[in-house]
Each structure stands twice: as structure tokens, then as C-alpha cells.
Amino acid sequence: MATASVERLIGKSIKRREDPRFITGRGSYVDDIKLPGATWAAFVRSPHAHARIRSIDTAAARKHPGVVAVYTGQDMTGVNSLPCGWDLRKEKNIPGVVQDLAMVPHMPLTADVARHVGDPVAVVIADSQAAAADAAEKVKVDWEVLTAVTSTERAAAGDAPQLHAGAPGNVAFRWEIGDGVATDAAFKSAPVTVKRRIVNQRLVANAMEPRACAARFDPATGELTLWVTSQNPHVHRLLMCAFVLGIPEHKVRVISPDVGGGFGSKIFLYNEEVVCSWASRQLQRPVRWTATRREAYLTDAHGRDHVTDAEIALSREGKILGLRVKTTANLGAYLSTFAPAVPTFLYGTLLNGVYAIGAIHCQVTGVFSNTTAVDAYRGAGRPEACYVLERIVEAGARALGMDVAELRKRNFIPKFADGFQTLVAVAYDSGDYGVALDKLLGMFDYKGFRAEQAAARQQGRLLGIGFSTYIEACSIAPSKVVGALGAGAGLYESGKVRVHPTGMVTVYTGSHSHGQGHETTFAQLVADELGLPVEQVEVVHGDTGAIPFGMGTYGSRSASVGGTALHMSVGKIKEKGKKIAAHLLEASPSDIEYVNGQFQVKGFPSKAVPFGAVSLTAYVPHNYPEGLEPGLEETSFYDPSNFCFPFGAHACVVEVDRETGQVKILKYLAVDDVGNVINPMIVDGMVHGGIAQGVGQALWEGAVYDDASGQLVTGSLMDYAVPKADMLPMYETERTVTPTPVNPLGVKGAGETGTIAATPAVVNAVVDALAPLGVDHIETMPLTAERVWTIMQTAKAAT
Amino acid sequence: MYPAAFEYHAPTSVRDALGLLGSLEDAKILAGGHSLVPMMKLRLAQPKHVIDLRKVPGLTGIKEEGSTIVLGAMATHWDVESSPILKAKAPVVAETAAVIGDPAVRNKGTIGGSLAHADPAADMPATAIALGFELVCEGPKGRRTVKADDWFQGLMSTALGEDELLVEVRVPVWPAGSGACYMKFPHPASRFAVVGVCAAVTLDKNGACTRAGVGVTGAGTKAVRARGVEAGLAGKRLDAAAIEAAAQKAAEGVDVQADLQGSVEYKAHLCRVFARRAIEAAVKRAQG
Ligand SMILES: Cc1cc2nc3c(=O)[nH]c(=O)nc-3n(C[C@H](O)[C@H](O)[C@H](O)COP(=O)(O)OP(=O)(O)OC[C@H]3O[C@@H](n4cnc5c(N)ncnc54)[C@H](O)[C@@H]3O)c2cc1C
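Note that the protein sequences, when read in sequence, are chains A and B.
According to the numbering used here, the stretch in the first sequence is residues 19 to 817, in order.
According to the numbering used here, the stretch in the second sequence is residues 1218 to 1505, in order.
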């Protein structure tokens, strides 16, 4: 039986199989789950940024019709603090720790002091969502309002109000990386140094679906099922069972069904799901909660919020001799699950960028403030690092009077295929950085643009171009290494491949899709490797009851780590299949090869058994190899040997309206290298969405707190400007392909590149546009029209 | 998000609606719901009764009565934006409606709701003032007409009586030789006007301005007529210098409010820039 060569599926832009259900409203999100007898939780939250609770009067709320229970923090005895999963302590030998992390408590319902607007202090549980909301308004909290501090720069100032007894001066930790002595020496002897303050403002993730949970304790079995908007249901279960509630993990099932976006904000264990799970056990009824958009703004972990002083030392020829970075990172009121990792190991380790730098030293102080907790947001630490580096590099070029592209070219790390040790701990996998910029410069007439810019300037028009040649670190690993850096978890992934008797395949991944398109990509990967039609493969994710274990999805790790685990399981399936086929073909297993969906005697396509016949035999083992277990199902856990490091070059062309300060993007070009690509359409989508978020940070987004009251002023979609399609340009995207040697698929990761690259490219472009006015730096984003206008006015006044 | 409990009423005539409005305590009229309902969901508004006008016949439609175009208060922004009559006779009204929010908002929100709500950042108030809309209210004592200039009284407050409905909006058609334009600086998040200016001019055959109307919204607590600008335009040949000079007065009489979108200085500046741009475009249109 000759089979035509099966077409490869990897590299094809197969349409996303999940989209029809999403765009026709047939998705099943947490809020869609039907639970008979369910009660609804409404949280009573602090209206103050910082206030002591004198007392809470719940009597009126309890009497409200439909109310089942009202709990405060004092009722939740035996419940522990939400854990912080990343430890920075000298005694643990975590590298770079200058001052130990203050592990301050974070109770599910705070009983003593509320530390940010939105901090939950009580919960009302009622028969309906409306009754719970009405009754929550009747809970009377007697507040003693305290002074608050929200500003990153002032949080650790001497006169700032103290948030936690365990964190004197509001310092959460001090940490450093690189070589201070060598860096000082480099700066001493450098002919040119440039110092800039660079602020990376606070962002709100704004996933389209707000967080939600539904907890159902079944008194008959003693089992708790929690549906929750999670990027990593197993991690949710582990943290909740082992650290907070002390309930047996095998009696808890966490299901994360369709989830409408996360961008990091749904990685973490939150108060509400803990409270609902606990209350469901108390009440022996399902308890559910869906956040309002207002609650999302106040309680979803925020991102970024760094204030940095950066210095670059250069030779006259433009070689980067040294980089010195001092950053204050605002962690908010509490330690979110992975907060300490973001401004440290996910930040300082990326400051080498794509450049050969003489010496680097970076010091970070984490501070507490009366704001929502900050944790990983798309890119997490890496956008902050890239932003500092790409801004200071262009500042350096301007100081030297050198073209910004030229300065970069003089500093790129030369092409390498297997390893480059940076000055900041990590070793890159593979890279060819100059090629990405060359390709970008080939996409448009750069020289021509500079001429057009000069002509426009003659007419008083302000055109500018900015670049960003970035590096990104994804699929953070291996477990042993991240453990030594303070991680409380491993960073492997599981992948199970179950072949059914008929040859249909179900794939179980510990990754979680909340927009990434795993159901398509993983089916494509497995079908490709098995030479099967893609329709023959189904993907299951997001259920601790179905998946062996999983670390989940964040840090652009799903394809490289989760995909590789599946690849390993497919390999095992083939090996077992060969034994079965050999038996049926009366050959030796070592003589069998798997080609185009059939097991065949090497070189004899006609002496073959199709995949389906082997799978049937595995489950109906009448004529079967002696000693071989029936069934065809394999599980693998993959722990990578290193991170993967995608890279690329982006450029942005803008025009600034001289009168209003409005910035218009005229052109956006991107060359990304994410290693091998499984589904180009999905990767393009990732790049587009990432750029949108990066541009959003540069021009519009920003969580703003009122200094005096500590209120979040940008607490709704009417105030916080998320980019909309008509605010963005058409992107021109290209790729270079440098496979990673780290994993057998050669894939790096594509989830965050756009977000990392775009922000500095846009801001650099605006600085370039304003150069004729004497502007050589912009400290703070977003570059709202007013901010740009004010900069222009100040520049005019100065000349 | 759940609003506080309220009782819902759906009268089928203006009389019944007025009856309910007069007899119920703490009642609110519901039109398109795109300002009221968000406030109720945030519990910033907690009316005890909601009187829905959608079942009341005769409050929609756009028709011509001589040199006036009459819009039912319940005409949606989309009705306004897409009206062939308005596009032909008062295109700036359709243009203004077309830049309100997004299609979902425009399909539901009404011109009457917008003018009755009088959000300081709403778009239509600038155009209402510039063209000289008349607003027809109906109450227990019958109908009365209020000029746009007298309508906007303060932050979200209007000349509408507590016992009255806004039933009609009357748009005067400007004579031949006229042109008008509405331009706004949209809030990047909400798309409401940070500053919006509507300018209308009539030019005689020598190109001199015989009539000008300029309304400014967004910057202050209410939309206002920019009298200084109008005076600067009146009687002049509107070359660039004349327009520029007149536009300099755009923020006069506006109680400019600072917020996240801008300082008082910046918003006053935007008033001047957008006044100039809107007048320039209006003049071009008037010249045909
Ligand atoms: C996302 C979003 C974006 C928006 N963007 C813009 C924008 O860019 N520009 C802009 O101008 N507006 C914008 N709006 C507001 C929108 O135009 C509203 O529809 C409008 O302001 C109110 O009209 P409505 O018919 O929805 O009124 P409703 O919300 O039903 O009522 C508003 C108020 O007016 C009263 N009222 C309504 N009709 C009458 C009547 N006939 N007689 C007496 N009282 C009445 C009600 O009692 C209520 O107090 C936006 C709204 C949303 C939700």
C-alpha cells in the first residue's frame, strides 16, 4: 500500500480551530458554567488607599434578603497568607541579594489594615449576584484613614507611611547583578558618558474577560472543584492547597476553561478564588464570583512601574564600554505570586541586550506602596530592560553625533550558533543580530527617509524615526537553575499523547491557551509528526483532572517547552508502535521506520502497517508482541536545558503635530526571529498584538494614582486608553529564522517580542522628531499629546 | 455589574410618560441608556423608577419643516448621522453625530439623551450652539421652546424642568453661502471630546462673513458660545490672518477644567487650535 508523501503541516498558516466558537459566542468561560444551587460572592473593598479597620458591622448585610453568609478576615481562621512563589534571601544563596526579601503577609481578606484601594475586607454571599451586591453596600466599615504613598520614587522615602511591620522603610528587597567594580572602572576611563532618568510607567493588563471563579465543594465526595480564569491551573491548585487552605491536593480539581486573555495577570493566585473555595466548604454550596471591570482595574496585578537612572559609557568610535543601571521597582501593596522575579532575574539578566558591552552593573530596590500589587505583565521585566537599553543606546548615539543604526551595528554580538555568555548571568542560545537589522533596513529606504526628514524639518514639520534591536528571554528554565535563583516551582512542562483504538489522537498539555491558539498549534505539531490529518488530533488543556501536571502558559514558553514535551511523547508512541508493527510484519523493531503515517520495513513502503492498524492492535492485542503492555499512550515531562532568546529589529516612523503634540505613527516595521515557526499566521498575530500593546504603553496607557488620596484615577476603560485598531498603523513584518539548539523543535517563542520591541522604538522616534527643537530625551511615558506639547513648550522657552 | 433595584415603566404616550414623571418620586427618563445605564451600573445613579421612552410613539424621525429640520428627541445618533435630509441641509449635524463614541453607542444613544444629559465632553452641544438649535420641551403645562444658548446651564444641568420631557430638537437650516465644521480632539480612551469646536459661517458674495456661530465643548463644565471668536469673524474677509486672530479668543468665557487629559493652559490652547481648524474648514465649505 503506497501512501503519497504527506504534506508537512509545520510552517503552514492553518486557521485557528478555536475561533469559530469564540466569534460565534459559543465559548465556555467561567461565567458560563452552570452550577445549580450556586451562591454569589460580592466583595467589600477598601475605598481608601491606606486605612486601619476599627470595626466592621455586618448586621444589616446579614439581614438583607437572599444573603447566605457574610465573612470578614477574622472569620477566616486557619487560612494562611497568599504565598509569594519567588524567594530572594541570602541564606538561600540566591545570587545578587543585597537585602533579603521581606515576606510580608497577604491575607485573603485583610483584617487589620487595607493597603490599597480595592483591598478586600469582607465578602457577602447571597443567592443572587444582585442581592450580594446590594448587601455588600450595607456592610459598614469603621475606617481610620492613614496617609498613603503611591509614588515609586517616594515609597521608600524617610517620611513615607509604613505599609508593613516586616518591611522597614517600605523596602521589599535590594538586589544587584553584574560587576560594579569593572563598571566603575569603565566609566572612569570612558571619553563619553550619558546619564538619563527613564521611567517605565505602571500598566493595567486589561484582559477582555475579567477574572472569575466558581468553587463547588461536594459534601458527598469531599471534593472541591474550582473553575477559575487561570493561565496555570495546576499552579493555582498547588498554591491554594499546600500554602493557603491546607486541603489535600488530590481532593481538589482546578479547571480553567476558555479564558479571554491574561497577559500575565491570570498567572497569580488571588484573594477571591481562595475566599470562594474556602466559603464553598463552609457553606457546602457552590460560591462564585465574576469581577466587574472596576474590580479588574483595582485588583488584577499591574505591570512595570520602574524608575531608573541609566548611564552608558562609550568610546568615541561608539563602542559601548559600560552600562550602569539603578532601578526602583514599585511592587504595590503586597507581594504578588511571582513579583520579586520580575524586576530582578527577568530584568537585570537582559541588560546585555544584543550588544557586546564592556561592563554592566545593575542595582534594583523593590518597594511597597499603597497601590495594586505589580507582577508579570506581557514581557515581564524584559520590556523594562529592553526599554532602558534601547533608549540609552540612542541617547548615546545622539551624544556622539552618530547615526542610531550605525552605533548599534558597531556593537552587535557577532553571529553565534551555540551559546554566548553575557555579563549578566544568562547565556544566549543562538543569534544573528546584525542580520535582523540589515533585513529591516532593506524593507525601506532609510537614507531616503533621512532626506525626507530633513526636507520636512525645513517646512517646520516634525518627522522622526526610532529603532529597537531587542532580545527576549523565553521559556525560562531549567528547573534546577530557576530554583537556585529563588523560584518556588519547577519550569518544565508535561505533554501526554493518547492514541485511541481507531487511531484518533487526544493530546493533553500542561500549557494553557487563553488566546494563543494552542488547540491549533499543538494539533498541527502532533499531526505533522505523526503524518496524520490535523483533524485527527484534539487538544485538551486547562483541567487538573485530565492533565498529568502543568506549569502553564506565560513567558512565551508553550511551544518551546510544552511543544517539546508533546514531541517527546510522540517519539515514545512511535517507538512502541514500531514494536507492534514489527510483530505484525514479522520483522525486527530496529528495521521498522515511521513514514507518512505508516510503520514500514525500512525502504519498503509496500511492507507497511498504517498507524490506525497499529493503534487498534495496541488495544485489541490478540496478535501482539510478548511482554509488551497493551495500550498506546505516553507522557513526557520536558525540562529545557536553557532559556530561548528570540531577537529582532523594529523601527517606527512618526510625525508630531506641532500645534497639539499628537503623535501619528506613519510606518511600523518589524523583523522578528522567533526560531522555527509552527504556524506563521498565529505568530504574525502574536507580533501584531504585541506591537499594539507596546505602542499602547508608549503613547496612551498608564495607571495613574492621585497622589493625595491614593485613588486609581484611570480605573475604567473610559479613562485608561487601551489602543484601538484605528489608532494603530498597518504593520510591515518580516522574519529571520535562527533555530534554537535548546530544543529539538528549534522554536524559541513569539508571545512577547512585539511588546518588548515596540515601546522604545516609538519613544525613540518621538525624541528624534523633536530633535530640531533641542529635545534630546523624554523621561516619562505615555507620550500623550499634552506631554509632548509641554515638552515642546519647555524646549521653546529654553531656546 | 448590577444596578441598585429600581422599578421599570414603559409608557406608550407622552401624556402617560409625563404623568409618571409627575407622580413618581425619584424617577429618571431612559432614552438610549448609554449615559444613564453605565452610571446606574456603577451605582453612581440609583433612581427608584426608570421611565423608558422607547415605546412612546412620535418621538423619533427626522423631517423638514420649511427652513427648519425637526428631529425627534429619540432619534439615535445613527439616525442623525445617516439622515439624507441632514446630510443635504445641515451636514455638520450628521458629521457631529458620526464622531460620537463607536457604532454600538451610536445605534442606541439619542440626540435628546445627549442634549438632556449635557455631559461637559459631549459633542452635539457644540454644534447645537453654533447652529442655534431650538429644544422643545413638553410638560404638564404644554410645550415650550428653549434656545441652545439658554439650554446648557452648568455641569450636567440644563433648562429642562423636572417635570418635563425633551421631545424635539429643531435645527435651523443656514442659507446658501454657509459652511460649517465640527472638529474634536478625542479622549484616547472614551472618545468623548477633550475639546470640540463647531464653527459655522455665512459668507456674502464678496467673501465677507455675514454670520458666524462657534460653539466650544469639552474644555469647561458646559458647552458655550465663543462670542469673542464670532465677533472677530463678523464682517471680515476670512483670510488666514483674520481666522487666526479670531480663533485666539476661543477659550474666553470657557471655565477650562484641568484633568488627566490636560492642564488649563493646554486645553485653552487646544480650544484655539481647534477653533482655527474648524473655522478654516467651515470657510472652505462656504466657498463651495
Ligand atoms: C462607550 C461610550 C462612548 C461614548 N462616547 C461619546 C462621545 O464620544 N461623544 C458624545 O457626545 N457622547 C458619547 N457617549 C454618550 C452617548 O452619546 C449617550 O448616548 C448620550 O450622551 C446619552 O444619550 P442616551 O439616549 O443614551 O441617554 P440616556 O443614557 O438614556 O439618558 C441620559 C440622561 O438624559 C435624560 N434623558 C434622556 N432623554 C431624555 C428626554 N427625551 N427628555 C428628558 N430627559 C432625557 C435621562 O433621564 C438621563 O438622565 C458615549 C457613551 C458610551 C457608553
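No residue lacks a Cβ here, since even glycine has one placed at the ideal position from N, Cα and C.
Reference residue i, options the options, closest by Cα
{"i": "S46 of chain A", "options": "A:G278, A:Y315, A:D93, A:A423", "result": "A:G278"}
{"i": "R72 of chain A", "options": "A:V139, A:L341, A:H134", "result": "A:V139"}
{"i": "D137 of chain A", "options": "A:A491, A:A67, A:H82, A:P123", "result": "A:A67"}
{"i": "K1258 of chain B", "options": "B:A1338, B:F1223, B:R1494", "result": "B:F1223"}
{"i": "L459 of chain A", "options": "A:Y686, A:S248, A:W296", "result": "A:Y686"}
{"i": "V382 of chain A", "options": "A:N289, A:R192, A:L316", "result": "A:R192"}
{"i": "V1411 of chain B", "options": "B:D1233, B:H1294, B:G1505, B:K1484", "result": "B:K1484"}
{"i": "G792 of chain A", "options": "A:R416, A:L242, A:S486", "result": "A:R416"}
{"i": "T559 of chain A", "options": "A:V544, A:E537, A:A577, A:G549", "result": "The question names Thr, yet the displayed sequence has His at residue 559 of chain A. Here the closest residue by C-alpha is A:E537."}
{"i": "E547 of chain A", "options": "A:L603, A:S574, A:A260, A:I696", "result": "A:I696"}
For residue i, the residue or residues it bridges with in DSSP
{"i": "K514 of chain A", "result": "A:Y526, A:T653"}
{"i": "D152 of chain A", "result": "None; D152 of chain A has no bridge partner."}
{"i": "A138 of chain A", "result": "Reading off the sequence shown, one finds Pro at residue 138 of chain A, where the question assumed Ala. Paired residues: A:R63."}
{"i": "N697 of chain A", "result": "DSSP, once it has assigned bridges, lists no residue as partnering N697 of chain A."}
{"i": "V246 of chain A", "result": "A:C231"}
{"i": "H668 of chain A", "result": "A:S486, A:A688"}
{"i": "G1413 of chain B", "result": "B:K1401, B:T1434"}
{"i": "Y89 of chain A", "result": "A:V141"}
{"i": "E25 of chain A", "result": "E25 of chain A is not bridged to any residue."}
{"i": "N5 of chain A", "result": "In this structure chain A extends from 19 to 817, so residue 5 of chain A is not present and cannot be described."}
{"i": "G1371 of chain B", "result": "B:S1374"}
{"i": "S1395 of chain B", "result": "B:T1419"}
{"i": "W58 of chain A", "result": "A:A144, A:R306"}
{"i": "A1244 of chain B", "result": "B:H1266"}
Chain-ordered neighbours of residue i on chain B, where CB pairs are closer than 7 Å
{"i": "T678 of chain A", "result": "F1402, L1487, V1490"}
{"i": "Y738 of chain A", "result": "A1406"}
{"i": "L735 of chain A", "result": "A1406"}
{"i": "V722 of chain A", "result": "L1477"}
{"i": "A148 of chain A", "result": "Y1219"}
{"i": "A807 of chain A", "result": "Per the sequence shown, the amino acid found at residue 807 of chain A is Trp instead of Ala. Those are Y1483, listed as they occur along chain B."}
{"i": "V731 of chain A", "result": "L1477"}
Where residue i sits in the DSSP three-state scheme
{"i": "G533 of chain A", "result": "coil"}
{"i": "D75 of chain A", "result": "strand"}
{"i": "D690 of chain A", "result": "strand"}
{"i": "G573 of chain A", "result": "coil"}
{"i": "G366 of chain A", "result": "helix"}
{"i": "A319 of chain A", "result": "coil"}
{"i": "F622 of chain A", "result": "strand"}
{"i": "A20 of chain A", "result": "At A20 of chain A the pLDDT is 38, less than 50, meaning the model places this residue with poor confidence; the figure from the coordinates comes in the next sentence. The answer is coil: DSSP assigns A20 of chain A none of H, G, I, E or B."}
{"i": "V793 of chain A", "result": "coil"}
Per-residue burial, residue i [other beta carbons within 10 Å of its own, 16 or more giving buried]
{"i": "F622 of chain A", "result": "exposed"}
{"i": "R70 of chain A", "result": "exposed"}
{"i": "D236 of chain A", "result": "exposed"}
{"i": "T580 of chain A", "result": "According to the sequence provided, residue 580 of chain A is Gly. The question's Thr does not apply to it. By the 10 Å Cβ count, G580 of chain A comes out buried."}
{"i": "A502 of chain A", "result": "exposed"}
{"i": "I591 of chain A", "result": "buried"}
{"i": "A816 of chain A", "result": "exposed"}
Residue i: CB within 7 Å of a non-hydrogen atom of ligand 3
{"i": "I265 of chain A", "result": "No copy of ligand 3 occurs in the structure displayed; its ligands are ligand 1 alone."}
Contacts that residue i makes with chain A (C-beta to C-beta distance below 7 Å)
{"i": "S1331 of chain B", "result": "Within chain A, no residue comes near S1331 of chain B; the closest Cβ sits about 16 Å away, beyond 7 Å."}
{"i": "A1221 of chain B", "result": "D152"}
{"i": "G1249 of chain B", "result": "Those within 7 Å of G1249 of chain B in chain A number zero; the least Cβ separation is about 17 Å."}
{"i": "S1252 of chain B", "result": "Those do not exist, as S1252 of chain B stays about 11 Å from chain A at its closest Cβ, beyond 7 Å."}
{"i": "G1479 of chain B", "result": "E804"}
{"i": "Y1399 of chain B", "result": "Ordered by position in chain A, no residue passes the 7 Å Cβ test against Y1399 of chain B, which lies about 16 Å from the chain."}
Amino acids of chain A, ordered along the chain, whose beta-carbon sits closer than 9 Å to that of residue i
{"i": "M1218 of chain B", "result": "A151, T310, R311, R312"}
{"i": "L1276 of chain B", "result": "Result: empty, since nearest Cβ-Cβ is about 28 Å, beyond 9 Å."}
Listed by chain order, chain B residues near residue i by CB distance under 9 Å
{"i": "W718 of chain A", "result": "P1405, A1406"}
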